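Heads up, the thing below is written out as structure tokens.
4 protein chains.
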Amino acid sequence: MAQIDKAERRQQILAAARDVFAKRGYHAAKIDEIVAAAGVARGTFYLYFEDKRGIFEEIVDRAFARLGMAITRVDPAAPVEDQIKDNIRRIVGVLLEDKATTKILLSDAVGLDPGFDRKLLVFYEEVGKLLRESLTDGQALGIVAPGDAQILAVLAMGAMKEILYQVTMRDLALGEEEIVEAIYGFLSRGFLRV
Amino acid sequence: MAQIDKAERRQQILAAARDVFAKRGYHAAKIDEIVAAAGVARGTFYLYFEDKRGIFEEIVDRAFARLGMAITRVDPAAPVEDQIKDNIRRIVGVLLEDKATTKILLSDAVGLDPGFDRKLLVFYEEVGKLLRESLTDGQALGIVAPGDAQILAVLAMGAMKEILYQVTMRDLALGEEEIVEAIYGFLSRGFLRV
Amino acid sequence: MAQIDKAERRQQILAAARDVFAKRGYHAAKIDEIVAAAGVARGTFYLYFEDKRGIFEEIVDRAFARLGMAITRVDPAAPVEDQIKDNIRRIVGVLLEDKATTKILLSDAVGLDPGFDRKLLVFYEEVGKLLRESLTDGQALGIVAPGDAQILAVLAMGAMKEILYQVTMRDLALGEEEIVEAIYGFLSRGFLRV
Amino acid sequence: MAQIDKAERRQQILAAARDVFAKRGYHAAKIDEIVAAAGVARGTFYLYFEDKRGIFEEIVDRAFARLGMAITRVDPAAPVEDQIKDNIRRIVGVLLEDKATTKILLSDAVGLDPGFDRKLLVFYEEVGKLLRESLTDGQALGIVAPGDAQILAVLAMGAMKEILYQVTMRDLALGEEEIVEAIYGFLSRGFLRV
DNA sequence: CATGAATGAGTGTTCATTCAT
DNA sequence: GATGAATGAACACTCATTCAT
Chain A
0 MAQIDKAERR QQILAAARDV FAKRGYHAAK IDEIVAAAGV ARGTFYLYFE DKRGIFEEIV
60 DRAFARLGMA ITRVDPAAPV EDQIKDNIRR IVGVLLEDKA TTKILLSDAV GLDPGFDRKL
120 LVFYEEVGKL LRESLTDGQA LGIVAPGDAQ ILAVLAMGAM KEILYQVTMR DLALGEEEIV
180 EAIYGFLSRG FLRV
Chain B
0 MAQIDKAERR QQILAAARDV FAKRGYHAAK IDEIVAAAGV ARGTFYLYFE DKRGIFEEIV
60 DRAFARLGMA ITRVDPAAPV EDQIKDNIRR IVGVLLEDKA TTKILLSDAV GLDPGFDRKL
120 LVFYEEVGKL LRESLTDGQA LGIVAPGDAQ ILAVLAMGAM KEILYQVTMR DLALGEEEIV
180 EAIYGFLSRG FLRV
Chain C
0 MAQIDKAERR QQILAAARDV FAKRGYHAAK IDEIVAAAGV ARGTFYLYFE DKRGIFEEIV
60 DRAFARLGMA ITRVDPAAPV EDQIKDNIRR IVGVLLEDKA TTKILLSDAV GLDPGFDRKL
120 LVFYEEVGKL LRESLTDGQA LGIVAPGDAQ ILAVLAMGAM KEILYQVTMR DLALGEEEIV
180 EAIYGFLSRG FLRV
Chain D
0 MAQIDKAERR QQILAAARDV FAKRGYHAAK IDEIVAAAGV ARGTFYLYFE DKRGIFEEIV
60 DRAFARLGMA ITRVDPAAPV EDQIKDNIRR IVGVLLEDKA TTKILLSDAV GLDPGFDRKL
120 LVFYEEVGKL LRESLTDGQA LGIVAPGDAQ ILAVLAMGAM KEILYQVTMR DLALGEEEIV
180 EAIYGFLSRG FLRV
């Protein structure tokens with residue numbers, strides 16, 4: 000079990016932890032099961048991670064970082080439709096690429112404890128802020144409907160989170176592009192025609 | 000402590016549990032704190048409830064029941080706008096009326112364990128089914144945009160859940176009617192005008 | 000195992016802990032052995048005591064309190080010999096009466112950790128202060144040899160501690176009165192006659 | 000790290016261990032901190048010492064050896080006062096010269112475990128035996144007060160240990176000669192003049 | 001019915017020691 | 001010899017649940 004690269008060993012444990020957390024949820028996930036899945040000894044775990052919560056936090060932080068990088072600001076000077084679709088496509092891509100982590104993000108990390116709730120809220124707030132600014136820009140140009148940009152941002156995020164939650168948790172059989180189109184259509188036009 | 004009605008005693012404990020669960024989250028909520036808040040002895044708790052998970056489940060079940068009763072089917076023969084707004088208004092009303100329970104529903108109950116995840120999924124699926132049917136009816140009448148009704152239903156629920164989650168967790172200062180209008184506007188027209 | 004008086008239950012556990020600590024030393028004493036000796040369940044221990052260190056500290060504190068009460072100030076106006084002998088007799092009596100606790104005091108509590116070292120030092124300093132004052136009084140009356148009263152106090156305490164340590168740890172077969180006389184003789188006259 | 004003498008490397012580790020043991024106490028001293036202080040790798044430690052207890056034992060054994068060599072038998076044919084003072088002076092000198100080790104001896108090694116208690120007892124008994132014989136000789140010559148020589152030996156050692164313990168642990172500001180004189184005065188004449 | 005003292009299974013974490021390179 | 005990554009035995013403590021009074 001000896002000379003693996005240190006970074007590789009971290010990844011190994013991280014991947015095992017991700018799978019166990021996704022399968023069992025945070026509290027039902029036992030260190031024992033994680034190290035068994037990673038094929039390392041109990042003590043090795045603590046060589047690479049502070050504690051159970053620490054590794055969970057790292058999984059979430061990495062996912063947030065990946066997600067953050069998938070999102071880019073919309074430039075209102077250029078055609079927006081493709082930019083928005085690309086954003087949606089990248090977000091959906093990142094989340095569907097690693098469903099275990101997505102389940103952790105959208106399910107296990109929710110309501111874990113006040114500290115974690117804050118972390119989640121902060122991340123969504125950051126995304127919301129970017130979205131809000133884009134919406135405000137768009138409103139100035141008349142390509143976004145008037146209304147409280149913050150609320151619109153929250154609603155848009157909620158819609159996306161839910162569809163991805165359902166796809167992840169229920170294995171709703173939808174192709175990525177289908178999801179992207181549905182989200183885009185919904186955000187752009189809603190669905191009521193009364 | 001003598002002459003309290005049995006049902007009243009249940010309520011007392013239930014309310015205490017709800018507050019503690021909302022304040023601490025499921026795992027950090029200790030039976031000790033619940034019984035202290037309810038002003039009963041430890042053993043008394045188990046006279047009224049099977050176990051910790053049992054009382055939590057009852058809180059969630061009651062909330063779901065209340066929520067279910069707030070939702071009524073839209074009759075496409077009559078003017079739909081008011082019917083939809085009424086539905087939204089009732090749902091928002093129920094959830095904002097008891098924020099502790101709403102926090103439990105939208106945060107603590109999420110990712111608790113596979114069994115609970117299923118319960119949540121089932122409830123949202125039931126709501127989604129009703130919504131889907133209404134949407135399908137609407138599509139037949141041309142008052143709902145075409146598209147996969149199931150996805151539309153999921154997106155609509157996600158948007159509503161998120162705004163209420165934010166209002167509950169962040170104390171976003173929004174009036175009920177404001178929320179109702181924002182949701183309705185979003186569902187009906189989206190926000191892009193490109 | 001039920002309805003014993005709460006104070007009695009504390010005593011029961013305290014006595015068991017004292018025996019185990021005395022037999023094994025602080026670190027080798029396991030909670031398991033203490034509760035087994037006390038005939039209670041693991042959890043019961045924590046119902047009565049904060050933690051392992053807490054019960055140890057209580058044992059030491061109680062011993063110090065008992066010891067403190069055995070010591071009285073010497074009144075230089077009255078004949079001092081009997082007063083001193085009485086003090087020595089009471090101290091020796093208290094320590095030989097419960098050898099397990101004495102072993103804990105003179106052996107296990109020593110060098111446990113910086114916090115405990117301080118507690119010990121503080122206690123001995125208090126005793127030393129009383130002794131020092133008595134010695135200073137005595138020096139004024141010419142019944143105590145001149146010299147740094149603090150050093151004399153320390154030396155006197157050391158002599159007493161050591162003889163009791165040896166009696167406790169080695170079962171040196173000495174009667175109480177023998178010990179008292181030896182200490183008194185030593186303190187009063189030393190042993191060199193050159 | 001290459002060309003260091005094997006014996007030198009041992010010394011290096013031994014010195015580091017001594018400092019860490021003195022600073023933290025036996026149990027709070029971690030191998031990690033010792034090897035870090037010594038500037039060697041974890042495994043290297045075990046190349047030079049059996050285990051943690053082994054190195055601790057060696058520190059104590061060496062200290063006892065040094066101490067043993069400082070003590071010489073008093074020849075009753077020659078003037079004893081200087082011989083005794085020289086003995087005290089040498090003992091005090093050895094102990095104050097390396098306060099870290101003295102703290103280990105008088106504090107950390109006490110009550111470590113039954114095995115160590117025995118080692119301490121044996122050493123003090125050996126010293127006590129030598130002292131007892133000197134005292135018995137002295138009693139035959141009338142230069143030592145009558146009384147149980149063993150008890151007198153124990154009392155004398157206790158007095159010395161305590162003053163050195165206090166000087167070491169409390170940084171009692173006393174010069175060596177002051178200490179020597181105080182001890183000698185105390186042993187020779189006690190302090191009561193009633 | 002109500003009480004609260006007693007229970008004990010369950011688990012995260014530490015750290016001395018080993019051993020492949 | 002030297003290294004430091006890996007090991008896993010050991011243990012204090014928590015807290016939901018039970019049950020004698």
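Residue numbers (numbering that gives the first Met the number 0), protein chains in the order written: chain A, 0 to 193; chain B, 0 to 193; chain C, 0 to 193; chain D, 0 to 193.
All C-beta atoms, glycine included, are put in the ideal place defined by N, C-alpha and C.
Note that the structure is predicted; figures quoted are calculated from it, not measured.
CB contact flag (residue 115(C), residue 56(C), <9 Å): yes
C-alpha gap between residue 41(D) and residue 22(D), whole angstroms: 20 Å
Alpha-carbon spacing of residue 93(C) relative to residue 88(D), whole angstroms: 35 Å
Reduced DSSP category for residue 143(D) - H, G, I as helix; E, B as strand; rest coil: strand
Residue of 46(D), 95(D), 76(D), 27(D) minimising C-alpha distance to residue 164(D): 95(D)
Three-state class that DSSP yields for residue 3(B) in the structure shown: coil
Three or more C-beta pairs below 8 Å linking the region 106-115 of chain B and the region 125-138 of chain B: no
CB contact below 9 Å: residue 72(A) versus chain B: no
Cα-Cα separation, residue 14(A) to residue 118(B): 28 Å
Burial state of residue 100(D) (16 or more Cβ within 10 Å): buried
Meets three-Cβ-pair contact criterion under 8 Å: the region 148-160 of chain C and the region 158-177 of chain D: yes
Euclidean distance between Cα positions of residue 9(A) and residue 65(A): 18 Å
Test: residue 98(D) CB closer than 9 Å to a CB of chain C: no
Same chain only: Cβ atoms within 8 Å of residue 149(B), ignoring 5 sequence neighbours per side: 127, 131
Chain D within 9 Å of residue 29(C), Cβ atoms only: no
Interface flag, residue 160(D) vs chain C, CB-CB below 9 Å: yes
Cross-chain neighbours of residue 169(C) in chain D, by beta carbon under 7 Å: 120
Local conformation of residue 25(D) per DSSP, three classes: coil
Spatially closest choice to residue 125(C) from 54(C), 44(C), 70(C), by CA coordinates: 70(C)
Beta carbon proximity, residue 177(C) to chain D, threshold 9 Å: yes
Assigned secondary structure, residue 81(C) (DSSP; H/G/I helix, E/B strand, else coil): helix
Neighbour list for residue 181(D) in chain C, Cβ cutoff strictly below 8 Å: 146, 147, 150, 151, 154
Three-way DSSP call (helix, strand, coil) for residue 16(D) in this model: helix
Residue from 103(B), 75(B), 86(B) with nearest C-alpha to residue 27(B): 103(B)
Cβ neighbours of residue 200(B) in the same chain (closer than 8 Å, five flanking residues each side left out): Summary: the structure shown does not reach residue 200(B), with chain B confined to residues 0 through 193, and so no result is reported for it.
Beta-carbon neighbours of residue 165(D), restricted to chain C and to distances below 7 Å: 153
Three-state secondary structure assigned by DSSP to residue 174(A): coil
Residue 48(C) in three-state terms, based on DSSP: coil
is_contact[residue 185(C), chain D] using C-beta, thresh 9 Å: yes
Buried versus exposed call for residue 68(D) [16 or more other C-beta atoms within 10 Å across all chains shown]: exposed
Where the alpha helix (DSSP H) containing residue 169(B) begins and where it ends: 148-169
Closest Cα partner of residue 4(B) within the set 187(B), 179(B), 47(B): 47(B)
Start-to-end residues for the alpha helix (DSSP H) that takes in residue 99(B): 98-102
Check whether residue 79(D) and residue 146(D) have beta carbons under 9 Å apart: no
DSSP three-state assignment for residue 135(A), whether helix, strand or coil: helix
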